[in-house]
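Undergrad:
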Amino acid sequence: MVDGRAAGGMAMAAAIGIVFIAHGLLHTIGHASENMCRMTYMMPNYYSIPVPHASWGTKPSYSLLLYREGSQSFHKRGLPVLFIPGNAGSGKQVRSMASEAARELGRNPSLGQLDFWAVDFEDELSAFSGDILLSQTKFVCRCIPHIMDSYKEEGMQPGGVVLVAHSMGGHIARIVSASFCEEDFDVVAIFSLSSPHTGLPVFTDPLLKRLTDWSADVWRRNFFPSAHEPVANSTTSSKRSERLNRMVSVSVGGGLRDLLVGTERCDLSHICPSSHCLSVSSTALAGVWVSVDHQAILWCNQMVQIVVSSL
Numbered sequence: 006m007v008d009g010r011a012a013g014g015m016a017m018a019a020a021i022g023i024v025f026i027a028h029g030l031l032h033t034i035g036h037a038s039e040n041m042c043r044m045t046y047m048m049p050n051y052y053s054i055p056v057p058h059a060s061w062g063t064k065p066s067y068s069l070l071l072y073r074e075g076s077q078s079f080h081k082r083g084l085p086v087l088f089i090p091g092n093a094g095s096g097k098q099v100r101s102m103a104s105e106a107a108r109e110l111g112r113n114p115s116l117g118q119l120d121f122w123a124v125d126f127e128d129e130l131s132a133f134s135g136d137i138l139l140s141q142t143k144f145v146c147r148c149i150p151h152i153m154d155s156y157k158e159e160g161m162q163p164g165g166v167v168l169v170a171h172s173m174g175g176h177i178a179r180i181v182s183a184s185f186c187e188e189d190f191d192v193v194a195i196f197s198l199s200s201p202h203t204g205l206p207v208f209t210d211p212l213l214k215r216l217t218d219w220s221a222d223v224w225r226r227n228f229f230p231s232a233h234e235p236v237a238n239s240t241t242s243s244k245r246s247e248r249l250n251r252m253v254s255v256s257v258g259g260g261l262r263d264l265l266v267g268t269e270r271c272d273l274s275h276i277c278p279s280s281h282c283l284s285v286s287s288t289a290l291a292g293v294w295v296s297v298d299h300q301a302i303l304w305c306n307q308m309v310q311i312v313v314s315s316l
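In terms of my numbering, the sequence shown opens at residue 6 and continues consecutively.
Shown next, in the form of structure tokens:
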């Protein structure tokens with residue numbers, strides 16, 4: 006039987022232990038919450054580009070934007086880069102990357118030029134509905150061929166399109182790259198920022214899971230073929246394999262500051278080998294070295310500079 010003094014001592018020890026644990030947690034959270042990002046400044050101009058038949062299987066509220074910095078000419082000049090926003094995101098979040106690309110070109114005119122495009126989904130919550138994600142994916146499928154055709158009209162022939170995606174937009178990019186679309190086009194590279202490639206953060210919808218699982222399975226079967234699985238030898242499968250094998254993909258997680266999608270969820274190694282895919286934390290990127298939260302990864306200047314220089 007424990008006497009009063011012993012019980013009081015145990016209670017005091019427990020209280021002290023709780024205080025130390027709480028202090029440690031607060032110190033860790035406080036350290037992680039320090040925002041070490043530099044701001045990115047811009048002079049944005051957005052041009053709304055009509056997309057033929059865009060409403061077929063999608064929504065009339067969706068739009069395609071072409072970004073121009075300041076007084077930049079409307080005419081297209083280089084490699085098309087299409088930004089795909091994430092859950093509750095906006096196409097106008099492309100501005101930080103596009104603006105930094107314009108400044109980089111001004112500093113070094115010998116660099117290849119980039120044209121930044123963006124799809125806008127009116128802040129839809131794609132993380133909770135397969136119908137929404139499917140509708141958004143179909144719109145991207147409509148936009149990419151239209152973007153490519155617009156270059157041909159100006160006598161240019163880009164070799165493909167680069168997809169830069171945030172959060173759930175990374176799943177759209179992955180689905181599109183797996184030859185989901187009816188039209189033929191090449192995705193040269195995918196840069197996904199804070200995208201949960203290992204699985205959905207929250208399971209809310211069976212269709213959403215089927216869509217994301219399907220693209221993961223297509224990638225895995227292509228890069229890690231198993232002797233126990235039948236090998237598809239149709240023309241469609243052959244073209245899909247050729248395109249995936251030509252593509253490179255980079256997935257970046259934000260580190261401790263991203264409380265929505267942990268860096269471990271951004272890993273691609275289960276569906277794609279290191280010869281084609283790189284998964285990395287922002288804290289491990291030379292020139293970045295900082296943890297960024299789920300939204301800041303789109304405007305954090307250290308991060309934006311790395312993405313632009315890679316492109």
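Beta carbons: idealized from backbone N, C-alpha and C, even for Gly.
If you're wondering where the values come from, they're calculated on a predicted model, not measured in any experiment.
Would His-36 be called buried (16 or more neighbouring beta carbons within 10 Å of its own) or exposed?
TA: One-based indexing of the sequence shown puts residue 36 at position 31. Annotation note: pLDDT 48 at His-36 (below 50); position unreliable, no value reported.
Undergrad: For Leu-69, which of helix, strand or coil comes out of DSSP?
TA: Along the sequence shown, read from residue 1 onward, the residue named residue 69 stands at position 64. DSSP places Leu-69 in strand when its eight states are reduced to three.
Undergrad: Shortest alpha-carbon distance to Ser-242 belongs to which of Leu-273, Val-253 and Arg-226?
TA: Stepping through the sequence shown from its first residue, residue 242 is reached at position 237. With distances taken between Cα atoms, Ser-242 lies closest to Arg-226.
Undergrad: By Cβ distance, which residues of its chain are closer than 7 Å to Leu-119, with the 5 residues on each side in sequence left out?
TA: Here residue 119 refers to the residue found at position 114 of the sequence shown. Cβ neighbours of Leu-119 beyond the five flanking positions: Gly-83, Leu-84, Val-86, Ala-106 and Leu-316.
Undergrad: Would you kindly check if the distance between the Cβ of Leu-69 and the Cβ of Val-124 is under 7 Å?
TA: The residue labelled residue 124 in the question sits at position 119 within the sequence shown. The residue labelled residue 69 in the question sits at position 64 within the sequence shown. The answer is yes: Cβ separation under 7 Å.
Undergrad: Roughly how many angstroms lie between the CA atoms of Phe-133 and Asn-113, to the nearest whole one?
TA: Locating residue 133 in the sequence shown gives position 128, counting from the first residue. Locating residue 113 in the sequence shown gives position 108, counting from the first residue. Their Cα atoms are separated by approximately 43 Å.
Undergrad: Can the beta-carbon of Val-297 be found closer than 7 Å to that of Cys-305?
TA: Working through the sequence shown from its first residue, we reach residue 297 at position 292. Working through the sequence shown from its first residue, we reach residue 305 at position 300. Against a cut-off of 7 Å, the Cβ pair of Cys-305 and Val-297 comes out as a contact.
Undergrad: Do you know how far the Cα of Pro-163 is from the Cα of Ser-155?
TA: As a working mapping, residue 155 is identified with position 150 in the sequence shown. As a working mapping, residue 163 is identified with position 158 in the sequence shown. Taking the straight line joining both Cα atoms gives about 10 Å.
Undergrad: Determine the direct distance from the alpha carbon of Gly-160 to that of Thr-209, and round the result to whole angstroms.
TA: By 1-based counting over the sequence shown, the position of residue 209 is 204. By 1-based counting over the sequence shown, the position of residue 160 is 155. Rounded to whole angstroms, Thr-209 to Gly-160 spans 46 Å at the Cα level.
Undergrad: Could you tell me whether the region 254–270 touches the region 55–62, using the rule of 3 or more Cβ pairs below 8 Å?
TA: No, the region 254–270 does not touch the region 55–62.
Undergrad: I need the DSSP call for Ala-178, collapsed to helix, strand or coil.
TA: On the sequence shown, position 173 is the one that residue 178 refers to. It is helical.
Undergrad: Nearest by alpha-carbon distance to Gln-310: which of Ala-93, Lys-81 and Leu-110 is it?
TA: In the sequence shown, residue 310 corresponds to position 305, counting from 1. Per the Cα distances, Leu-110.
Undergrad: What do you reckon, are the CB atoms on Ser-131 and Met-47 nearer than 7 Å?
TA: As a working mapping, residue 131 is identified with position 126 in the sequence shown. As a working mapping, residue 47 is identified with position 42 in the sequence shown. Cβ distance not < 7 Å, so Ser-131 and Met-47 don't count as in contact.
Undergrad: Report the rounded CA-to-CA distance for Ile-34 versus Asn-250, giving the unit in angstroms.
TA: Within the sequence shown, residue 34 is the residue found at index 29, counting from 1. Within the sequence shown, residue 250 is the residue found at index 245, counting from 1. Because the pLDDT of Ile-34 is 46, which lies under 50, any placement of that residue in the model is unreliable, and the question is left without a value.
Undergrad: Can you name, in chain order, every residue of its own chain whose Cβ lies under 7 Å from the Cβ of Lys-64, other than the five neighbours on each side?
TA: For the purposes of this step, residue 64 is taken as the residue at position 59 of the sequence shown. Contacts found: Ser-140.
Undergrad: Can you tell me where the beta strand (DSSP E) with Tyr-51 in it begins and where it stops?
TA: Position 46 of the sequence shown, counted from the start, is the residue given in the question as residue 51. Where Tyr-51 is concerned, the enclosing beta strand (DSSP E) stretches over 49–54.
Undergrad: Which residues does DSSP pair with Cys-282 in a beta bridge?
TA: Within the sequence shown, numbered from 1, the residue matching residue 282 stands at position 277. Answer is Ser-254, bridged to Cys-282.
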